[in-house]
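Worksheet: the structure to be examined is printed underneath.
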Amino acid sequence: MKPIRFLVTGLCLFFIIFESALAQNIHQYDQHQVFDPTFLNEPGTAFRSGSGEPGSLYWQNRADYDISCRLDPENDLLSGKVKITYMNNSPADLKYVWLQLDQNTFKKDSRGAYVTPVGGNRFGKGGIKDGGYKLNSVNIRLGGKSYEADYLVSDTRMQIKLPKKLKAKGGKLQISIDYSFKIPQYGIDRMGRQQTKNGEIFEIAQWYPRMCVYDDIQGWNTLPYLGQGEFYLEYGDFDYHITVPWNMIVVGSGKLQNPKKVLTKTQMDRLSEARKSDTTLFIRKPEEVNEPNTRPVQKGELTWHFKMKQSRDIAWAASKAFIWDASRINLPNGKKALAMSVYPEESAGRDGWGRSTEYVKHTIEINSQMWHEYTYPVAVNVAGNVGGMEYPGIVFCSWTAKKGGLWGVTTHEFGHNWFPMVVGSNERKYAWMDEGFNTFINIYSTKLFNKGEYQPRRYQARGIVPYMMSSNEDPVLTYPDVIQSYNLGNIAYYKPALGLYMLREYVLGHERFDYAFRTYTDRWAFKHPTPKDFFRSMNDASGENLNWFWKEWFYNNDWKLDQGVEDVDYVNQDPAKGAYITITNNDRMVMPVKVKIMESDGNDRVVKLPVEIWQRGGKWTFTVPTTSKLKAVIIDPDSETPDVNPRNNIWTPRD
Numbered sequence: 001m002k003p004i005r006f007l008v009t010g011l012c013l014f015f016i017i018f019e020s021a022l023a024q025n026i027h028q029y030d031q032h033q034v035f036d037p038t039f040l041n042e043p044g045t046a047f048r049s050g051s052g053e054p055g056s057l058y059w060q061n062r063a064d065y066d067i068s069c070r071l072d073p074e075n076d077l078l079s080g081k082v083k084i085t086y087m088n089n090s091p092a093d094l095k096y097v098w099l100q101l102d103q104n105t106f107k108k109d110s111r112g113a114y115v116t117p118v119g120g121n122r123f124g125k126g127g128i129k130d131g132g133y134k135l136n137s138v139n140i141r142l143g144g145k146s147y148e149a150d151y152l153v154s155d156t157r158m159q160i161k162l163p164k165k166l167k168a169k170g171g172k173l174q175i176s177i178d179y180s181f182k183i184p185q186y187g188i189d190r191m192g193r194q195q196t197k198n199g200e201i202f203e204i205a206q207w208y209p210r211m212c213v214y215d216d217i218q219g220w221n222t223l224p225y226l227g228q229g230e231f232y233l234e235y236g237d238f239d240y241h242i243t244v245p246w247n248m249i250v251v252g253s254g255k256l257q258n259p260k261k262v263l264t265k266t267q268m269d270r271l272s273e274a275r276k277s278d279t280t281l282f283i284r285k286p287e288e289v290n291e292p293n294t295r296p297v298q299k300g301e302l303t304w305h306f307k308m309k310q311s312r313d314i315a316w317a318a319s320k321a322f323i324w325d326a327s328r329i330n331l332p333n334g335k336k337a338l339a340m341s342v343y344p345e346e347s348a349g350r351d352g353w354g355r356s357t358e359y360v361k362h363t364i365e366i367n368s369q370m371w372h373e374y375t376y377p378v379a380v381n382v383a384g385n386v387g388g389m390e391y392p393g394i395v396f397c398s399w400t401a402k403k404g405g406l407w408g409v410t411t412h413e414f415g416h417n418w419f420p421m422v423v424g425s426n427e428r429k430y431a432w433m434d435e436g437f438n439t440f441i442n443i444y445s446t447k448l449f450n451k452g453e454y455q456p457r458r459y460q461a462r463g464i465v466p467y468m469m470s471s472n473e474d475p476v477l478t479y480p481d482v483i484q485s486y487n488l489g490n491i492a493y494y495k496p497a498l499g500l501y502m503l504r505e506y507v508l509g510h511e512r513f514d515y516a517f518r519t520y521t522d523r524w525a526f527k528h529p530t531p532k533d534f535f536r537s538m539n540d541a542s543g544e545n546l547n548w549f550w551k552e553w554f555y556n557n558d559w560k561l562d563q564g565v566e567d568v569d570y571v572n573q574d575p576a577k578g579a580y581i582t583i584t585n586n587d588r589m590v591m592p593v594k595v596k597i598m599e600s601d602g603n604d605r606v607v608k609l610p611v612e613i614w615q616r617g618g619k620w621t622f623t624v625p626t627t628s629k630l631k632a633v634i635i636d637p638d639s640e641t642p643d644v645n646p647r648n649n650i651w652t653p654r655d
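The numbering of the sequence shown is our numbering, which starts it at 1 and goes up by one.
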């Protein structure tokens, strides 16, 4: 038996050594992998050009909505009628259309309920017994004729089979749906109800059947709504009416159309003053919340009428408990918008929601100046039980948030009005194209707010090293619903934001990055870009082939950065004649290299080497003029890159 035991032991040792060598070889730097000429090399099309901008034949469909609804707070019920006018601008005739029925994820037996962990998570706690849409009627009008719709509901999707084809390049279809649903108390951190001492707050979103996007990439986009993956929607105009009990205040996406019917003269006068004020003014004061005379009538119901132009969605909130304040937003072109906040008495105060409107105002002014001008007439922050969620022109933030926490969630949720409200990426497939981009611009809105009153979080490159060393990480380009919940913050928010931050601060510089990023935003405003459109647009407008960065940072999950100083020598062994410095790239990721060189006579300098030094292999020697011996050579002296092994970043002489 002993020879067998020796053989087994020897084989085990062999395989351990072999696996170790294989692992080392896998992680060995290979310039052909990162500088791959076939990466992003597919030719552009007439729809999407090789430069990353929409092509000459780019198209997208359109959906306009006319909605009337009624809130029954006693029964937590919303009933409504929606008429959708859908325009087929595609080059294809359509035999059927698809709609999103996101409320159905709240059904007890929905797909979303089944894939929610037993203990629940941020995006769900299972369905509710009587949740989901109840469809009373579905009718269509096509080619001048009206029909009862032939439809099939499949979880959170509805397919309507058309009696004849919806013609390409201009065909128009009208869809009319009469519906109702029970409002969940906690709706996947997207909507819900919060009881306060002065009344319940209703935050209403995903509240009407919406068109799925039909695009040139995959046709109908019908991924089900499971909670973690957000939204992909067509643009259009919205005209909507909300009927509520007389004592409720309603705020919503867009501009209020009938203030004389739903506001008192005092409130209209205060709004007029707020539109001229850079400080926050009350529209409804805390002491007025329970005063019946703050409503134009004292019985029955009131209907609030809003319009929203060129939007992909709308949301609203209602409560009799709302305190309401507002101030002016100053936009770069001289136009003005209105910042507003509504919140209960429990949230008021200068440490809490008393500063919300100030936060809204400055977030929008900073982002409008840096990236793209805010496009909506009003920006509303709503306090409720939703921790943080964004919709065009309105956001829901936690009613318990205070100080820097309230600033952070406010600037983040309103940052989404750029990504994805203006730049309409597919959130259900690419969470990083809205969450990551938005987290990136939040770094600068926070740095610039009130001369740095609050410090931005999680923008230091070294902070991501523990995540990069983890074996559980996913590539950034992962479906949101595939990402493990514990990874979502890193995958969708932190890593893509840090990537853009390094591109701006370390690779391209402010001028080139800002021009390229604004160009991308302008090109794809109110359109539907893909990841490749973004990558190509940034390459094109910056004049830099960044494919090495896109590949290593967004497409791969196990590439790491490990750069080090290997050796220092002197020209002819004479420090007065200059020094040879040899640096190495030890893993598969590359970055430009910033090297701090410190001489013993106190003469220090910083040399920045381009990323192209790594195109010929993982070792590079360069010369620097010196007048004395070197006392230290430091790679990445300011810790601006996510180097996983900083121990080899510093060279000092042995003697």
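Note that beta-carbon positions come from the ideal geometry of N, C-alpha and C, so glycine has one too.
All of these numbers come straight from a predicted model, not from anything done at the bench.
Look at the alpha carbon of residue i and the alpha carbon of residue j, and state the distance between them as a whole number of angstroms.
i, j, result
"residue 193", "residue 201", "6 Å"
"residue 570", "residue 564", "19 Å"
"residue 345", "residue 116", "34 Å"
"residue 364", "residue 415", "8 Å"
"residue 519", "residue 605", "35 Å"
"residue 151", "residue 96", "9 Å"
"residue 314", "residue 421", "10 Å"
"residue 593", "residue 406", "38 Å"
"residue 608", "residue 220", "48 Å"
"residue 153", "residue 136", "13 Å"
"residue 324", "residue 417", "22 Å"
"residue 230", "residue 224", "10 Å"
Cβ of residue i within 7 Å of Cβ of residue j?
i, j, result
"residue 104", "residue 80", "no"
"residue 251", "residue 244", "no"
"residue 328", "residue 270", "no"
"residue 318", "residue 340", "no"
"residue 256", "residue 306", "yes"
"residue 494", "residue 458", "yes"
"residue 387", "residue 189", "yes"
"residue 283", "residue 267", "yes"
"residue 624", "residue 579", "yes"
"residue 235", "residue 526", "yes"
"residue 285", "residue 246", "no"
"residue 628", "residue 601", "yes"
Whose C-alpha, out of the options, is nearest the C-alpha of residue i?
i, options, result
"residue 637", "214, 650, 628", "650"
"residue 196", "343, 266, 225, 268", "343"
"residue 659", "256, 546, 634", "Because residue 659 is not part of the residues shown, which for the chain are 1 to 655, the question remains open."
"residue 175", "405, 162, 279, 384", "162"
"residue 568", "417, 213, 652, 152", "652"
"residue 36", "335, 86, 555", "555"
"residue 107", "166, 74, 183", "183"
"residue 426", "217, 515, 482", "217"
"residue 214", "227, 198, 232", "232"
"residue 402", "259, 432, 311, 359", "359"
"residue 31", "382, 614, 645, 621", "614"
"residue 480", "536, 220, 490, 429", "429"
"residue 500", "646, 489, 228, 538", "538"
"residue 160", "464, 168, 138, 186", "138"
"residue 513", "532, 543, 239, 487", "543"
"residue 581", "362, 526, 620", "620"
"residue 293", "353, 320, 67", "320"
Consult DSSP for residue i and reduce its assignment to one of helix, strand or coil.
i, result
"residue 533", "helix"
"residue 23", "Any answer about residue 23 is weak, because its pLDDT of 42 lies below 50 and its placement is not dependable; what the coordinates show is given next. Helix at residue 23."
"residue 68", "strand"
"residue 605", "strand"
"residue 423", "coil"
"residue 274", "helix"
"residue 31", "helix"
"residue 656", "For residue 656 there is no data in the structure shown, the boundaries of the chain being 1 and 655."
"residue 659", "Only positions 1 to 655 of the chain appear in this structure, which leaves residue 659 out of reach."
"residue 573", "helix"
So, under 8 Å CB-CB, residue i and residue j are touching, yes? Tell me the CB distance rounded to an integer number of Å.
i, j, result
"residue 77", "residue 204", "Going by Cβ atoms, the distance from residue 77 to residue 204 rounds to 12 Å, so no, they are not a contact pair."
"residue 492", "residue 435", "4 Å"
"residue 588", "residue 559", "4 Å"
"residue 44", "residue 534", "The Cβ separation is near 14 Å, so there is no contact."
"residue 62", "residue 100", "Incorrect: roughly 16 Å between the Cβ atoms, too far for contact."
"residue 382", "residue 395", "7 Å"
"residue 372", "residue 522", "7 Å"
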